[in-house]
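Residue numbers (the numbering used here), protein chains in the order written: chain L, 445 to 674; chain W, 645 to 899. All C-beta atoms, glycine included, are put in the ideal place defined by N, C-alpha and C. Some notes on the structure that comes next.
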């Protein structure tokens with residue numbers, strides 16, 4: 445199995461301040477990469493560079509015929525607009541030329557009822573809204589899913605449910621997954637590899653090697669607790 | 645009689661375009677910015693009058709240039725649209741008031757409907773149709789770019805291009821309404837119906853429909869009332885639209 449993504453010597457700078465410096469890593473097809481790091485370490489910047497939204501130096505190579513489903517951390521608009529879930533699903537379907545069946549299938553995948561999808565996005569709970577964003581990402585049959593903190597604004601049972609859903613989807617559809625997360629126990633359980641972003645010492649490898657108490661303390665500057673599941 | 649019909653057709657076309665374009669302006673949270681953007685037409689009108697050219701041509705040229713300037717600055721700097729439009733607008737108003745004087749200036753600011761030439765009607769109708777077709781055809785791309793530019797990019801939308809086309813459609817809508825409403829009031833016909841629709845609608849298509857309805861109703865009622873009172877239509881149209889906005893506030897859907 446080849447790589448879904450190869451990144452070599454990636455650097456991103458904003459007005460002479462380097463946010464990402466000389467970063468290299470590979471993501472095998474069908475694997476799950478978790479990107480971790482403290483606030484301001486450039487996690488979202490990395491994602492935005494990967495989708496070509498910001499200028500960068502170095503190489504970013506996606507496998508041929510890659511289709512990306514992107515789940516942003518937050519929307520660019522206020523959620524109090526008269527825009528329903530169906531409006532967004534229909535917009536994505538029209539843009540990627542997918543049919544109505546694909547919308548139904550995406551909603552089914554994320555266990556969102558059509559009646560919930562027809563409501564204004566501002567009336568959805570944090571968990572329902574994240575599931576809607578996931579459904580939008582799934583339209584167009586992506587080969588890669590990019591998640592920017594999928595559980596921001598979601599309560600704890602909802603978070604667990606969402607991660608299980610993402611994991612199940614990844615297995616069922618053979619998707620490659622890239623996700624930014626603060627949930628180290630989840631990362632430990634579901635990620636194939638972990639990329640930790642930090643100015644001093646970025647690291648990359650399987651969670652059992654990378655997520656040691658010492659490395660986490662160095663990354664976040666404080667000991668964090670997480671549960672290892674065998 | 646036929647002149648009356650073509651005049652009505654033109655103002656309905658202008659109102660439909662304004663209602664559609666306004667929805668996306670309100671969603672972009674550029675209500676004030678878009679109001680100000682319409683003022684960019686002023687120096688164009690001033691130059692056109694000085695060179696004895698039809699003022700609408702000057703207005704279209706100035707709006708087109710102003711739009712490109714705003715878009716270019718938006719792409720190249722991280723300054724917000726509001727700030728950029730604020731600066732460009734002030735400059736435009738300053739240059740415009742230097743170039744146009746007295747009555748001309750009042751006409752340009754508040755509109756002065758006179759007899760319509762055949763080519764003015766035709767051009768206006770073609771312009772309105774082009775805007776309506778663009779907004780309806782591009783609405784999915786517009787929505788997805790608005791909601792999340794990064795999401796749109798990964799779905800294959802050329803976001804900066806869509807944004808430029810939208811701003812140009814906006815500028816063209818303003819140009820269409822200058823004759824009736826003038827530089828000061830046309831921005832309001834774009835924003836007020838859409839703002840009214842924002843608090844009444846449950847979905848995007850409802851918002852577009854309500855916004856168009858409010859814009860057309862305000863224009864037709866405003867024109868009729870203005871004719872009866874023997875006043876210029878612009879201020880009456882905007883008064884009707886603003887009254888509808890205020891009257892429907894209690895019906896607001898909070899959630």
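Residue 885 of chain W, buried or exposed, once every other Cβ within 10 Å from all chains shown has been counted against 16: Buried, since its Cβ has 16 or more Cβ neighbours within 10 Å.
Neighbour-count burial assignment, residue 696 of chain W, 16 or more Cβ in a 10 Å radius: Burial is judged here by how many other beta carbons sit within 10 angstroms of a residue's own beta carbon; residue 696 of chain W has fewer than 16 and is exposed.
Out of W:741, W:721, W:730, state which residue places its alpha-carbon closest to the alpha-carbon of residue 687 of chain W. It is W:741 whose Cα lies nearest to the Cα of residue 687 of chain W.
Just to confirm the assignment: which complete alpha helix (DSSP H) runs, minimum length 4, are found wholly within the segment 675-748 of chain W? DSSP runs (the alpha helix (DSSP H)) wholly in the segment 675-748 of chain W: 675-682, 685-694, 699-720, 725-743.
Are at least three pairs of beta-carbons, each pair with one atom in the segment 599-615 of chain L and one in the segment 449-462 of chain L, less than 8 Å apart? Cβ pair count under 8 Å is below three, so no.
Pick out whichever of L:546, L:539, L:480 has its Cα sitting closest to the Cα of residue 630 of chain L. Among L:546, L:539, L:480, the Cα nearest to that of residue 630 of chain L belongs to L:480.
Would you list, in chain order, the members of the segment 508-524 of chain L that have their beta-carbon closer than 9 Å to a beta-carbon of chain W? Per Cβ criterion, the list reads 511, 512, 513, 514, 515, 516, 518, 519, 520, 521, 522, 524.
Backbone CA spacing between residue 618 of chain L and residue 584 of chain L [nearest angstrom]: Rounded to whole angstroms, residue 618 of chain L to residue 584 of chain L spans 15 Å at the Cα level.
Proximal residues to residue 861 of chain W (C-beta, below 8 Å), its chain only, five neighbours per side dropped: Cβ neighbours of residue 861 of chain W beyond the five flanking positions: 884, 888.
Kindly indicate if chain L contains any beta-carbon less than 7 Å away from that of residue 858 of chain W. Closer than 7 Å: no.
Use the C-beta contact count for residue 762 of chain W: other C-beta atoms within 10 angstroms, 16 or more gives buried, fewer gives exposed. By the neighbour-count definition (other C-beta atoms within 10 Å, threshold 16), residue 762 of chain W is an exposed residue.
Residue 447 of chain L lies in the beta strand (DSSP E); which residues open and close that run? Following the DSSP letters along the chain, one finds residue 447 of chain L inside the beta strand (DSSP E) bounded by residues 447-458.
Mind reading off the beta-carbon distance from residue 850 of chain W to residue 526 of chain L? Whole number of angstroms is fine, and I expect it under 8 Å. Between residue 526 of chain L and residue 850 of chain W the Cβ distance is about 6 Å, and since that is below 8 Å, they are a contact.
Does the CB of residue 528 of chain L have a neighbour CB from chain W at under 7 Å? Closer than 7 Å to the CB of residue 528 of chain L there is at least one CB belonging to chain W.
Quick one: which residues of the segment 772-805 of chain W get their C-beta closer than 7 Å to a C-beta of chain L? List them in chain order. Of all residues in the segment 772-805 of chain W, 784, 785, 787, 788, 790, 791, 792, 793, 794, 795, 797, 798, 799, 800, 801 have a Cβ within less than 7 Å of some Cβ in chain L.
Buried or exposed: residue 724 of chain W, going by 16 or more other Cβ atoms within 10 Å of its Cβ? With a threshold of 16 other beta carbon atoms within 10 Å, residue 724 of chain W falls short and is exposed.
Quick one: using the 10 Å Cβ neighbour count with 16 as the cut-off for buried, is residue 899 of chain W buried or exposed? Confidence is the limiting factor: at residue 899 of chain W the pLDDT is only 44, short of 50, which leaves the residue's position unreliable and the question unanswerable from this model.
Can you check whether the C-beta of residue 845 of chain W is within less than 7 Å of a C-beta belonging to chain L? With 7 Å as the cut-off, residue 845 of chain W counts as an interface residue toward chain L.
Is the shortest distance between the beta-carbon of residue 641 of chain W and the beta-carbons of chain L less than 7 Å? The question about residue 641 of chain W has no answer, for chain W in this structure spans 645 to 899.
Inter-residue spacing [alpha-carbon to alpha-carbon] between residue 515 of chain L and residue 760 of chain W: Distance between the alpha carbons of residue 515 of chain L and residue 760 of chain W: 52 Å.
Interface residues of the segment 531-561 of chain L facing chain C [CB-CB below 9 Å]: The structure shown contains no chain C; the protein chains it does contain are L and W.
DSSP three-state call for residue 901 of chain W: helix, strand or coil? The question about residue 901 of chain W has no answer, for chain W in this structure spans 645 to 899.
Those residues which DSSP pairs with residue 640 of chain L across a bridge: Looking at the DSSP assignment, residue 640 of chain L forms a beta bridge with L:480, L:647.
Quick one: is residue 661 of chain L buried, meaning 16 or more other Cβ sit within 10 Å of its Cβ, or exposed? Taking all protein chains shown into account, residue 661 of chain L has fewer than 16 neighbouring C-beta atoms within 10 Å of its C-beta and is therefore exposed.
If we ignore side chains and look at the alpha-carbon of each, how far apart do residue 801 of chain W and residue 513 of chain L end up? If I take the Cα positions, the gap works out to 13 Å.
Residue 650 of chain W - DSSP class collapsed to helix/strand/coil: Three-state result, residue 650 of chain W: helix.
Under 7 Å between beta-carbons, which chain W residues line up against residue 584 of chain L? List them in chain order, please. The contacting residues are 799.
How would you call residue 543 of chain L, buried or exposed, if buried means at least 16 neighbouring beta carbons within 10 angstroms? With fewer than 16 Cβ atoms within 10 Å of its Cβ, residue 543 of chain L is classed as exposed.
Rounded C-alpha distance that separates residue 649 of chain W from residue 799 of chain W: Their backbone Cα atoms lie some 44 Å apart in a straight line.
Near-chain W residues of the segment 473-495 of chain L - C-beta to any C-beta below 7 Å: Against chain W - using a Cβ distance shorter than 7 Å - the residues of the segment 473-495 of chain L are 492, 495.
Could you tell me whether the Cβ of residue 497 of chain L comes closer than 7 Å to any Cβ of chain W? Judged by the 7 Å Cβ criterion, residue 497 of chain L is in contact with chain W.
When burial is assigned at 16 or more other CB atoms within 10 Å of the CB, is residue 483 of chain L buried or exposed? Exposed is the call here.
Kindly indicate which three-state DSSP category residue 504 of chain L falls into: helix, strand or coil? Residue 504 of chain L falls in the strand class under three-state DSSP.
Report the three-state DSSP secondary structure of residue 883 of chain W (helix, strand or coil). Residue state, collapsed to three classes: helix.
DSSP three-state call for residue 467 of chain L: helix, strand or coil? Of the three classes helix, strand and coil, the one that applies to residue 467 of chain L here is strand, per DSSP.
Which stretch, first to last residue, makes up the beta strand (DSSP E) that contains residue 623 of chain L? 620-624 is the extent of the beta strand (DSSP E) around residue 623 of chain L.
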